[in-house]
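Just so you know, the numbering used here puts 77 at position 67 of the sequence shown, and the rest follows in order with no gaps. We treat Cβ as the ideally placed atom computed from N, Cα and C, and that holds for glycine. Contents: one structure, followed by commentary.
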Amino acid sequence: MSFKISCQGATSIKTFVDFLWNKLTPAVSNTIRKKMAPQIAGDMRATYPAFSGNRSNLEKHILSSLAQEENFNNYWQYLHNPQSFFKNYIENQIKSYCSDKGSEKMKTFLKMSLDAIKNDILSAIHEATEIAKDKRSTASGWLDLFCDKLRNMEFLKEAMCKALDPEMNRVEQNCLYMPVDEMVPEIQKMLSEHLSGCWKQCPCCRAICTNTIPTHDGDHSVPFHRPQAVSGISWYKTNNFVLDYCTSLVASDCFLVLDNDRHIPYKNYRQAGGDYAKWSITPDTSAQPYWKWFVCHFRSKLEEKYQKRFIGKGKIPDEWEKNHKTECA
Ligand SMILES: [Zn+2]
Ligand SMILES: [Zn+2]
């Protein structure tokens, strides 16, 4: 291999520097991309109240944003596919972070990463130059020869340093315009790790178990159950919705009627087996106003979707109408 270095000094150095930068730039972009996702996830956990606690805390925020939107289809997703609903919610928050208030911060993260890498490269250039000067040798043979013939190491150093800023600007532009969508799943995964929990839903009202361990021992439970109409349950042999909360039914003399017409006293609901046996539902008279508001507000949607009616035993008490969204959400 022969380099016509002696007569083409400047050109060869330029080729060499270009070669090095062509290797370095993608590596720098990659490093920055890898750093960006955890930085965004961390900042969102620190600045978004919805993401700064456990999953129950996130659910509170989700319920309040659902109430603000008043979109029944979104409620339907939440009730019937909670896991994918939560995932979508997190992804949408990430997208809006990246597109508005976060975008300034993303620029700051980018600058910080770039500056750090720039310093690393600069000191590498300086060190390499010093060592090569001292030992008059480098890692590989051709580079050795190249440098030996080059003699003027300072010139290479200068060329590398001079190229640093424009190259880094190129990286910065690349990273600024990199599609955020590519990062969203990664950030979503990071956020979700801190928001894990059991996804079992109450067989009667679809409330999601609040245990933070996905496959926990013991019973599933939730601090607040809901009127069973929310999950479409009706009184035996009628199309009248059940407005009672699970917690009051387990204290009543009502019966749970299974698909095979088996009647089980609600007080002994666990005898129904399956999911019923794995839930702890304790008698309680507290009833969250949120779901009363929900039932009142979406009564016709619920009737239409479940093909059942709020009449007879399912007539909504007048008192429920007094719950205002602002107090509930
Ligand atoms: Zn329930
Ligand atoms: Zn559970």
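(request) May I ask you to check if the CB of C1 is nearer than 7 Å to at least one heavy atom of ligand 2? (result) There is no way to answer for residue 1, as the model of the chain reaches only from 11 to 339.
(message) If you follow the alpha helix (DSSP H) that P59 is in, where does it begin and where does it stop?
(response) As a working note, residue 59 is residue 49 in the sequence shown. P59 -> no alpha helix (DSSP H), and no H or E assigned at all.
(message) Once DSSP output is grouped into helix, strand and coil, what is the label at Q211?
(response) The residue given as residue 211 occupies position 201 in the sequence shown. Strand.
(message) Could you compute how far the alpha carbon of N249 sits from the alpha carbon of L73?
(response) Position 239 of the sequence shown, counted from the start, is the residue given in the question as residue 249. Position 63 of the sequence shown, counted from the start, is the residue given in the question as residue 73. Each residue's alpha carbon lies about 28 Å from the other.
(message) Classify F29: buried if its beta carbon has 16 or more other beta carbons within 10 angstroms, exposed otherwise.
(response) Within the sequence shown, the letter at position 19 stands for residue 29. Flag for F29 reads exposed.
(message) Rounding to the nearest angstrom, what Cα-Cα distance links Q343 and P213 in this structure?
(response) There is no way to answer for residue 343, as the model of the chain reaches only from 11 to 339.
(request) For H334, collect the residues of the same chain with a Cβ closer than 8 Å to its Cβ; drop the 5 residues on either side in sequence, then sort them by chain order. (result) In the sequence shown, the residue the question calls residue 334 occupies position 324. These residues qualify, in order along the chain: W303.
(message) Please state the DSSP three-state secondary structure of L268.
(response) Start at 1 with the first residue of the sequence shown, and residue 268 comes out as number 258. Here L268 sits in coil by DSSP.
(request) Could you have a look at P327 and say whether DSSP puts it in helix, strand or coil? (result) Taking the first residue of the sequence shown as 1, we reach residue 327 at position 317. In the structure shown, P327 sits in coil (DSSP, three-state: anything other than H, G, I, E or B).
(request) Give the straight-line distance between the Cα atoms of N184 and Q49, rounded to the nearest whole angstrom. (result) To locate residue 184, count along the sequence shown from 1; it is residue 174. To locate residue 49, count along the sequence shown from 1; it is residue 39. Going from the Cα of N184 to the Cα of Q49 covers about 18 Å.
(message) Could you tell me the alpha carbon to alpha carbon distance between N64 and I127, rounded to whole angstroms?
(response) On the sequence shown, position 54 is the one that residue 64 refers to. On the sequence shown, position 117 is the one that residue 127 refers to. If you take the alpha carbons of N64 and I127, they lie about 35 Å apart.
(request) Would you kindly report the start and end of the unbroken alpha helix (DSSP H) that includes I100? (result) Your numbering for residue 100 matches position 90 in the sequence shown. Here the alpha helix (DSSP H) through I100 covers 92-109.
(message) Assuming the contact rule is C-beta atoms closer than 8 Å, E331 and F320 should be a hit. Round their C-beta distance to whole Å, please.
(response) Here residue 331 refers to the residue found at position 321 when the sequence shown is read from its first residue. Here residue 320 refers to the residue found at position 310 when the sequence shown is read from its first residue. In fact, because the Cβ distance is near 12 Å, the residues do not count as touching under 8 Å.
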